[in-house]
């Protein structure tokens, strides 16, 4: 399915299981979508070349702006946004409405075929409350990949807002929409879909060591060491954790600076300037 015009896309395909395998999960954040960013063009190019792509978007900066307009200061615990009852409506409206539909519209303008949805649709992401300190933040308990596979099989890129639904357990929260960290969603989808590649487009150069230098390659053991030692902190924590989840499904994961032109295509063609995470350092990337 790969056309040679994109060059040698390095997917390390599971050939015997290819019919069941989607190619790529991409996580994009609002902070990476700037004047020099070509991410959406890159995604359309991949689709036109026959690649099967699933996109998870964030939007924390936009949520923060809307919360500030309402006089609600954003709070974070361990790199994860605290979502109280007052801010939950804003989170759902901004992620599932404003950002999701703007991205879908832009993709369509660029020639892509894209449909927006969230983990609430068809109860795709069923959750429990992750941590009472985080408020209405979901911990994913089950994933229904059926809607995603149906869209991809029909020739669309699913553009997924990181929202889920509380499990129907008879509690006061049953059926309630929940906020989920977008990195976490991308990692879980990569694991369940058993994709070849998982790419995080960020506003940093990659994973840094204790001296502030980019680490070009990590394996599971070293990634866990960075997490356990506290060298990786803030928003990098859920990204690395998500990469490790993606590895469980057979993916090669990358954390790259998405603000550079053609960053996504360069990464998939083996020219990443960020961090590549594999099961072992001997694994193919």
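Residue numbers (UniProt numbering): 1 to 285. Built from N, CA and C at the ideal position, the CB exists for glycine as well. All values reported here derive from a predicted model rather than from experimental measurement.
In angstroms with no decimal places, state the Cα-to-Cα distance between residue 49 and residue 107.
-> Position 49 of the chain shown, counted from the start, is the residue given in the question as residue 49. Position 107 of the chain shown, counted from the start, is the residue given in the question as residue 107. Distance from the CA of residue 49 to the CA of residue 107, rounded to the nearest whole angstrom, comes to 15 angstroms.
Please list, in chain order, all residues of the same chain as residue 175 whose beta carbon is under 8 angstroms from its beta carbon, the five residues on each side excluded.
-> In the chain shown, counting from the first residue as 1, residue 175 sits at position 175. Non-local C-beta neighbours of residue 175 in its own chain, meaning closer than 8 angstroms and more than five positions away in sequence, comprise 165, 166 and 168, ordered along the chain.
Secondary structure of residue 84, DSSP reduced to three states | Residue numbering aside, residue 84 sits at position 84 when the chain shown is read from its first letter. The answer is coil: DSSP assigns residue 84 none of H, G, I, E or B.
Could you pull out every residue in the same chain whose Cβ sits closer than 7 angstroms to the Cβ of residue 123, ignoring the five residues on either side in sequence?
-> In the chain shown, the residue the question calls residue 123 occupies position 123. Excluding residues within five positions, the ones whose Cβ falls inside 7 angstroms are 144 and 165.
So, helix, strand or coil for residue 25, using DSSP?
-> Here residue 25 refers to the residue found at position 25 of the chain shown. Reduced to three states, the DSSP call for residue 25 is strand.
Quick one: is residue 118 buried, meaning 16 or more other Cβ sit within 10 Å of its Cβ, or exposed?
-> The count along the chain shown starts at 1 and reaches residue 118 at position 118. The residue is buried, with at least 16 neighbouring Cβ atoms inside 10 Å.
With contact counted as at least three CB pairs below 8 angstroms, one residue from each stretch, are the region 203-216 and the region 230-244 in contact?
-> Under the Cβ criterion (8 angstroms, minimum of three pairs), the region 203-216 counts as touching the region 230-244.
For residue 193, three-class secondary structure by DSSP | Here the question's residue 193 lines up with position 193 in the chain shown. In this structure, residue 193 counts as helix in the three-state DSSP scheme.
Using CA coordinates, which residue listed in 41, 58 and 246 is at the minimum distance from residue 194?
-> If you number the chain shown from 1, residue 194 lands on position 194. Taking only the C-alpha atoms, the option nearest residue 194 is 246.
Pull up the distance between the alpha-carbon of residue 21 and that of residue 76, whole angstroms please.
-> Within the chain shown, numbered from 1, the residue matching residue 21 stands at position 21. Within the chain shown, numbered from 1, the residue matching residue 76 stands at position 76. Low confidence applies here, because residue 21 scores a pLDDT of 40, under 50, leaving its location unreliable and the question unanswered by this model.
What residues match up with residue 118 in a beta bridge as DSSP calls it?
-> Residue numbering aside, residue 118 sits at position 118 when the chain shown is read from its first letter. Answer by DSSP bridge pairing, in chain order: 161.
Touch check for the region 216-228 and the region 52-63: three-plus C-beta pairs under 8 angstroms?
-> The way I'd put it, the region 216-228 doesn't touch the region 52-63; fewer than three beta-carbon pairs between them come closer than 8 angstroms.
Beta-bridge pairing of residue 276 - partner residues as DSSP gives them = As a working mapping, residue 276 is identified with position 276 in the chain shown. 217 and 254.
Answer with buried or exposed for residue 286, where buried requires no fewer than 16 other C-beta atoms within 10 angstroms of its C-beta.
-> Because the chain here runs from 1 to 285, residue 286 falls outside it and cannot be looked at.
Apart from the five residues just before and just after residue 43, which ones in its own chain have a Cβ nearer than 8 angstroms to its Cβ?
-> Here residue 43 is taken as the residue at index 43 of the chain shown, counted from 1. Taken in chain order, the residues that qualify are 26, 53, 55, 107, 112, 157 and 264.
Could you check the C-alpha separation between residue 163 and residue 270 for me, to the nearest Å?
-> Sequence index remark: in the chain shown, residue 163 carries index 163 (1-based). Sequence index remark: in the chain shown, residue 270 carries index 270 (1-based). Rounded to the nearest angstrom, the two C-alpha atoms are 32 angstroms apart.
Residues sharing a beta bridge with residue 140, DSSP = Along the chain shown, read from residue 1 onward, the residue named residue 140 stands at position 140. Answer by DSSP bridge pairing, in chain order: 127.
Using the Cα positions of residue 38 and residue 141, report the straight-line distance between them to the nearest angstrom.
-> By one-based count along the chain shown, residue 38 stands at place 38. By one-based count along the chain shown, residue 141 stands at place 141. Near 34 angstroms, if we compare the C-alpha coordinates of residue 141 and residue 38.
Are residue 152 and residue 197 close, meaning C-beta to C-beta below 7 angstroms?
-> For the purposes of this step, residue 152 is taken as residue 152 along the chain shown, with counting starting at 1. For the purposes of this step, residue 197 is taken as residue 197 along the chain shown, with counting starting at 1. Cβ atoms of residue 152 and residue 197: not closer than 7 angstroms.
Within the same chain, show all residues whose beta-carbon is closer than 6 angstroms to that of residue 273, passing over the 5 residues directly before and after it, in chain order.
-> As a first step, residue 273 is located in the chain shown; it is residue number 273 there, counting from the start. Annotation for residue 273: no residue places its beta carbon closer than 6 angstroms to its own, counting only its chain and skipping 5 residues before and after.
If you draw a straight line from the alpha carbon of residue 266 to that of residue 173, how long is it in whole angstroms?
-> Translated into the one-based positions of the chain shown, residue 266 becomes position 266. Translated into the one-based positions of the chain shown, residue 173 becomes position 173. Residue 173 has its alpha-carbon roughly 44 angstroms from the corresponding atom of residue 266.
Extent of the continuous alpha helix (DSSP H) run through residue 262 | Working through the chain shown from its first residue, we reach residue 262 at position 262. Residue 262: not part of any alpha helix (DSSP H); DSSP gives it neither H nor E.
Please report how far the alpha carbon of residue 276 lies from the alpha carbon of residue 139, in whole angstroms.
-> The count along the chain shown starts at 1 and reaches residue 276 at position 276. The count along the chain shown starts at 1 and reaches residue 139 at position 139. Taking the straight line joining both Cα atoms gives about 26 angstroms.
Less than 7 angstroms separating the beta-carbons of residue 255 and residue 177?
-> Reading the chain shown from its first residue, position 255 is the one you call residue 255. Reading the chain shown from its first residue, position 177 is the one you call residue 177. No; because the gap between Cβ atoms is not below 7 angstroms, this pair is not in contact.
Where do the ends of the alpha helix (DSSP H) carrying residue 178 lie?
-> For the purposes of this step, residue 178 is taken as residue 178 along the chain shown, with counting starting at 1. Taken as a continuous stretch (DSSP letters only), residue 178 belongs to no alpha helix (DSSP H), being part of the beta strand (DSSP E) at 177-179.
Run of the alpha helix (DSSP H) containing residue 53, from where it starts to where it stops = To locate residue 53, count along the chain shown from 1; it is residue 53. Where residue 53 is concerned, there is no enclosing alpha helix (DSSP H), although the beta strand (DSSP E) it sits in stretches over 53-57.
Compare the C-alpha of residue 125 against each of 214, 249, 200 and 181 and name the closest.
-> Position 125 of the chain shown holds residue 125. Answer by Cα proximity: 181.
Whose CA, out of 191, 200, 65 and 226, lies closest to the CA of residue 99?
-> Locating residue 99 in the chain shown gives position 99, counting from the first residue. Scanning 191, 200, 65 and 226 for the CA closest to the CA of residue 99 turns up 65.
Compare the Cα-Cα distances from residue 161 to each of 41, 101 and 170 and report the closest residue.
-> As a working mapping, residue 161 is identified with position 161 in the chain shown. Checked all of 41, 101 and 170; the closest Cα to residue 161 is 101.
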